[in-house]
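What follows is a short report on a single structure.
Numbering (the numbering used here), first residue to last: 355 to 632.
Structure below.
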């Protein structure tokens, strides 16, 4: 009888330990998941601020100015930092160190890449990709170090991680892709015109059409039951390219290829972020 009681007590203790270990493991997993999501939220917010300041609110004149003087670099960095602060406004009381550090990192990277442009024999495409890679790495480091308690906001509006990722994706395909396509085209076909500070992409009807083209393509990819339908947005450009001379055809086909590639990558990243937040 005593042996039976001892066996029963031992079984209860083992079950209690198992339940406790399971509960602790579940709690740790939940905390880890929350911290990971918070870091992703901070990275996306910093990235959105960077995309706005580096592409949406950086006209060609400012690009030329920052390559020529420190005042241009300071003005550009101030715009990027302000955009980041506005994106994080709803959580600025906790996230202001990330805003200031992202601004400090941005001005340091700008200084390095501007010097590299003057000293290195590298194409504008190579320098552009180097510049953006350094910016993204700096934002990842800040998000990992400071994002443990961040919440997804756009200005004062709380949003989901998916909405934040989609916002980054739309700005990236519309504006970042515009510069990328220009740099690829310049590297492959040469610049039609240039300035003492290098080729500068102007704002014209063709560029605005590209904004709409890529934005519509990604939008269709995100809402359509068959994401590949987003390719339809590039059909008008391809048809128009077929009516042009060989040089014009090459330019438009290059722009379409870069647009399609960046839309596909943005769609994949948005879907991946959405899946991890479920």
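Glycine is no exception: its CB is placed at the ideal position from the N, C-alpha and C atoms.
| Item | Value |
| --- | --- |
| Contact set for residue 509: own chain, Cβ-Cβ below 8 Å, skip 5 residues either direction | 440, 441, 443, 444 |
| N- and C-terminal bounds of the alpha helix (DSSP H) containing residue 590 | 589-595 |
| Counterpart residues of residue 508 in DSSP-defined beta bridges | 511 |
| Beta-carbon gap between residue 613 and residue 575 smaller than 9 Å | no |
| Contact set for residue 476: own chain, Cβ-Cβ below 6 Å, skip 5 residues either direction | none |
| Through-space distance from residue 394 to residue 630, alpha-carbon basis | 10 Å |
| Contacts around residue 488, its chain only, beta-carbon distance under 8 Å, and the 5 residues preceding and following it disregarded | 463, 466, 467 |
| Presumed contact (8 Å Cβ cut-off) between residue 567 and residue 587, rounded CB distance | 5 Å |
| At least 3 beta-carbon pairs within less than 8 Å: the stretch 492-501 vs the stretch 580-594 | no |
| Straight-line gap, residue 525 to residue 533 (C-alpha atoms, nearest Å) | 12 Å |
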